[in-house]
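Colleague: One structure coming up, written as structure tokens, with questions to follow.
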Amino acid sequence: MPTADPFLHHPDPLTREIARGYAGGSFLMDNGDGLQWYTVGTRALVPLGADLHVPTSLRRQIGRFQVAVDMDFAGVLAGCRDRPADETWISDELADIYLHLHRTGLAHSFETWQDGQLAGGVLGLVLGGAFIGETMYHRVTHASKVALVQLSRHLTAQGFVFLDAQIQNPHLARFGTYELGAAAYRKLLKQALGTDADL
């Protein structure tokens, strides 16, 4: 999909609205008070390619999984929602929106498979050369970590500018995930929006 323009001017009003919101640096969540737009002062970016730190113990797990794009988006979404009610921010409304955005081509899943079964994956939105990770899950131990590593490598090969994890946490920090201030993020996002990259 060339640059972010097709989504920023998409004929579907919902797709267009959400693409423009993310292009402006915001993201959607439902923290129990209804679906809202959020912004944060710093954004967490997962390093691409050789800059990604892969723990030695995880390197041994990578060959145990196969990867795919969009083979089972609904399955990844369901896995990401399969958490206690007080630990999930994906409401029924937001889940329906993700499914809609997948149908219009804005939302995607990067998946790990094992023995023909979905093992885990990362769900995110793609705008030009930006992959904006929304959530991830695993059914098999290490599956989501391997998905993140393989996604980073895949995005590098496809010419993406960055992999956005939105908010830093100890799990992401193990991979060398770093934070950018709002001004630096907006500059990088502008570059990504104009990048011709295809997932």
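When the letters of the sequence shown are read in order and numbered with my numbering, they come out as residues 1136 to 1334. Note that beta-carbon positions come from the ideal geometry of N, C-alpha and C, so glycine has one too. Being a predicted model, the structure only gives us computed values, none of them experimental.
(1) Whose CA, out of G1251, N1304, A1332 and K1280, lies closest to the CA of R1195?
(2) Quick check: the segment 1242 to 1253 against the segment 1266 to 1285, are there 3 or more CB pairs under 8 angstroms?
(3) Check whether the segment 1195 to 1215 touches the segment 1163 to 1180, taking contact to mean three or more Cβ pairs, one atom from each stretch, closer than 8 angstroms.
(4) Output the distance between the C-alpha atoms of A1139 and F1310, rounded to the nearest integer angstrom.
(5) For Y1092, count neighbouring Cβ atoms within 10 angstroms of its own Cβ and tell me buried if that reaches 16, exposed if not.
(6) Mind reading off the beta-carbon distance from A1209 to L1234? Whole number of angstroms is fine, and I expect it under 8 angstroms.
(7) Put I1225 into one of helix, strand or coil per three-state DSSP.
(8) Rank L1187, I1302, E1269 and G1240 by C-alpha distance to the C-alpha of V1257 and give the top, closest one.
(9) Taking all protein chains shown into account, decide if Y1173 is buried (16 or more other Cβ within 10 angstroms of its Cβ) or exposed.
Modeller: In this structure, then:
(1) K1280
(2) yes
(3) no
(4) 27 angstroms
(5) Because residue 1092 is not part of the residues shown, which for the chain are 1136 to 1334, the question remains open.
(6) 7 angstroms
(7) coil
(8) E1269
(9) exposed
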